[in-house]
Amino acid sequence: MSKPLASKSSTAKSLTLSEMAARWYLRMREHAHNQRSAEHHAFEQWLADDPSHAAEYDSFAHAMRQLDSAESLSTLADAAEQQTFMANEARRKAKQQRLAQLMVVCFICIAGFFSHQQYQVWQAAPVMQLAAQNPVGQIVTKTLDDGTKVTLSAKSDMEVTYYRHQRHVLLKEGEAIFEVTKDPERPFVVETDTARITVLGTRFAVNRLEQLVRVSVDHGRVKVEPQSEPDAASSESPSLLSREITNGQVAEVYPNRAMVLVNRPASDAFAFLKGRLVFDRADTSEIAYTVSRYRRKPVQSQGKQVRNISADINIQDIDQFLHGLPNIAPVKLQDTPQYTLLNSLH
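Numbering of the sequence shown is given in the numbering used here, commencing with residue 21 and proceeding in unit increments.
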């Protein structure tokens with residue numbers, strides 16, 4: 021004799037009420053000849069456990085009776101054909117059992133589909149959101165909900181959104197240093213318009229300049245990948261492949277989505293924390309864009325770019341640096357009411 025269905029608690033917990041009612045219906049049809057069996061006792065106990073059990077069972081039994089009532093009446097009308105009736109009844113029961121099993125499978129599939137849909141909605145719902153904008157000349161450090169520290173340089177703009185499966189930062193403008201708390205279940209992702217940086221736990225900096233995005237890793241490991249465009253080149257192009265960078269390495273991603281490792285100290289990216297700006301073979305566009313973060317009157321670069329300018333300056337000495345720049349590079353300064361122009365002499 022099979023064990024009562026109600027005793028299989030682990031199975032019961034995994035079935036819906038409709039599925040349990042369908043299975044009890046099939047078992048009661050099989051044991052209808054023995055009203056005193058343990059199976060009937062377990063069935064009566066299941067009905068008594070919750071009023072909803074009896075209601076669901078009655079609903080399912082009614083549906084089954086609707087399926088076969090016409091055939092039963094027609095067969096029972098002629099007692100002389102009892103043998104034929106019994107054969108038909110056996111076939112009908114087999115079909116009915118297959119139908120009930122199919123209904124159980126359908127219930128499970130439908131429940132699984134809606135559960136998956138609900139899970140996706142649940143994952144996509146933000147659990148924390150933060151927008152941060154820094155004015156010119158101000159550096160701010162923020163500690164996020166998971167303990168991750170973000171330091172924004174001056175004139176920077178970011179949006180932080182934490183989901184249950186991912187931590188996401190959109191760096192719209194400027195520069196930020198991230199000290200990420202490890203969480204293997206929720207990768208930490210920083211995005212700009214041209215680059216996507218994924219990390220589990222590390223200290224790194226992302227600098228969104230006018231002509232490129234620079235990623236510098238102090239320690240740890242991050243994956244840098246260019247953001248794809250609808251009309252981008254083939255994904256097999258070496259310039260579009262993602263790559264991992266680690267301790268002391270620097271990668272740059274350009275507007276055309278090309279990405280290269282560059283030979284420069286990663287520590288330069290963290291200098292603004294100590295009130296310094298470090299330029300390593302920079303061009304006049306990078307210099308103008310960077311110093312404008314700390315200067316009320318922004319600087320604009322005009323003409324052909326002058327390259328290979330290296331300097332290590334205090335942020336408070338930016339004006340002194342600009343006025344001395346013509347002594348080390350072929351440029352001249354010009355003040356207007358709105359801007360300080362950095363003109364190339366080439």
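C-beta: ideal position from N, C-alpha, C; glycine also.
Predicted model, so just to flag it, every value in this text is computed and none were measured.
Bridge pairing for Ser236: Ala225, Val270 [DSSP]. Boundaries cannot be given for Gln55, as no alpha helix (DSSP H) includes it and DSSP labels it neither H nor E.
Val235 sits close to Phe224, with the two beta carbons spaced by under 8 Å. The alpha-carbon of Val156 is positioned some 30 Å away from that of Val147. The alpha carbon of Glu272 has as its nearest neighbour, out of Arg296, Ile217, Phe290, Cys126, the alpha carbon of Ile217. Ranking Val237, Arg284, Asp288, Pro275 by CA distance to the CA of Arg263 puts Val237 first. Residue state for Lys317 is assigned as coil, using DSSP reduced to three classes. Separation of Ser287 and Ile128 (C-alpha to C-alpha, rounded to the nearest whole angstrom) is 56 Å.
In this structure, Leu365 and Leu353 do not form a Cβ contact; the two beta carbons are roughly 11 Å apart against a cut-off of 8 Å. By the criterion of a C-beta distance shorter than 7 Å, Met123 is surrounded in its chain by Ala42, once the five residues flanking it on both sides are discounted. Between Thr356 and Val280, the alpha-carbon positions lie close to 37 Å from each other. In the three-state reduction of the DSSP assignment, Asp165 falls in the coil class. Bridge pairing for Val326: absent [DSSP]. Under a 10 Å Cβ-count criterion, Met40 is classified as buried, with 16 or more other Cβ atoms of the shown protein chains found around its own Cβ.
The beta carbon of Thr212 lies closer than 6 Å to those of Leu191, Arg228, Val233 in the same chain, with the five residues before and after it left out.
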